[in-house]
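Engineer: Each residue of the sequence shown is one higher than the one before, starting from 160 at the first, in the numbering used here.
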Amino acid sequence: LRKGRVKECEEMMIKLFGEPVAFDEEQPQQTRFRDLFNRRHFPFVLFVAAIWTCQVIPMFAIYTFGPQIVGLLGLGVGKNAALGNVVISLFFMLGCIPPMLWLNTAGRRPLLIGSFAMMTLALAVLGLIPDMGIWLVVMAFAVYAFFSGGPGNLQWLYPNELFPTDIRASAVGVIMSLSRIGTIVSTWALPIFINNYGISNTMLMGAGISLFGLLISVVFAPETRGMSLAQTSNMTIRGQRMG
Numbered sequence: 160l161r162k163g164r165v166k167e168c169e170e171m172m173i174k175l176f177g178e179p180v181a182f183d184e185e186q187p188q189q190t191r192f193r194d195l196f197n198r199r200h201f202p203f204v205l206f207v208a209a210i211w212t213c214q215v216i217p218m219f220a221i222y223t224f225g226p227q228i229v230g231l232l233g234l235g236v237g238k239n240a241a242l243g244n245v246v247i248s249l250f251f252m253l254g255c256i257p258p259m260l261w262l263n264t265a266g267r268r269p270l271l272i273g274s275f276a277m278m279t280l281a282l283a284v285l286g287l288i289p290d291m292g293i294w295l296v297v298m299a300f301a302v303y304a305f306f307s308g309g310p311g312n313l314q315w316l317y318p319n320e321l322f323p324t325d326i327r328a329s330a331v332g333v334i335m336s337l338s339r340i341g342t343i344v345s346t347w348a349l350p351i352f353i354n355n356y357g358i359s360n361t362m363l364m365g366a367g368i369s370l371f372g373l374l375i376s377v378v379f380a381p382e383t384r385g386m387s388l389a390q391t392s393n394m395t396i397r398g399q400r401m402g
């Protein structure tokens, strides 16, 4: 509607709901890419990019080098390591489901903080406790994988709530690009880090990245549960209403 595509929107509503839907008329607005870097939007760009990066760096590493990592942690090699990686991948998938409910019951902020806390704990356990045994290794990875679903959902929800319609798509694109820089570097550096410093220190590094995401969430994560898009797109990083 803000782009003046009223007819297209009306056709889509008829297709989805089977009848016309009335909307309050909105004036089309001129969008400038540089608006993303103003005092209101840029802090949210940095916030969402930070939590996105802190979630995907360890996750991409586990996905890419899963069998090797679980093998080095004592799960063995070959079929055992591959089976452990399958179990962990299953928990990555299952972990995306409960947050869909918790977003509107517990709220965005508690979900994000609690998820990063559990992810940090799981990776720290893997790094600090040697010779944990097969099932404890799988369990720790499963805890990390399960709770990564919270930030995984919020990294898509937050941009859609925190940015106005006229600049939302650009914000998502910039944030995703920033997060991918970290994942590319980490995926390239992970084998080198494991070779030079060992698997335990690598897990502790992952815990440190998750801990940074936790601290960012504690300080800056807004609570948007129960608010309209007009309200959330008009709040500052400190939760205050603009204007």
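In this text, a Cβ means the ideal position worked out from N, Cα and C, and glycines have one as well.
1) Taking residue 308 as the reference, give the member of 393, 365, 172, 261 with the closest Cα.
2) How should residue 177 be labelled, buried or exposed, when 16 other C-beta atoms within 10 angstroms of its C-beta is the threshold for buried?
3) Please return the same chain residues whose Cβ sits closer than 6 Å to the Cβ of residue 207, not counting the five positions on each side in sequence.
4) Using beta-carbon positions only, say whether residue 256 and residue 341 come within less than 7 Å of one another.
5) Which value, in whole angstroms, describes the spacing of the CA atoms of residue 383 and residue 339?
6) Using the Cβ count rule (16 or more neighbours within 10 Å means buried), how would you classify residue 356?
7) What does a CB cutoff of less than 8 Å around residue 313 pick up in its chain, not counting 5 residues either side in sequence?
8) Pick helix, strand or coil for residue 178, following the three-state DSSP scheme.
9) Would you say the region 352-370 touches the region 278-288, given that touching needs at least three Cβ pairs under 8 Å?
10) Hey, how far is the Cα of residue 327 from the Cα of residue 289?
11) Can residue 353 and residue 346 be called in contact, C-beta distance under 7 Å?
12) Determine the direct distance from the alpha carbon of residue 205 to that of residue 394, and round the result to whole angstroms.
13) Threshold first: 3 residues or longer. Then list the beta strand (DSSP E) segments lying entirely within the region 272-337, N to C.
14) Would you mind reading off the limits of the alpha helix (DSSP H) that contains residue 373?
Structural biologist: Reading off the structure:
1) 261
2) exposed
3) 317, 318, 334
4) no
5) 26 Å
6) exposed
7) 210, 258, 262, 267, 270, 271
8) coil
9) yes
10) 46 Å
11) no
12) 15 Å
13) none
14) 358-379
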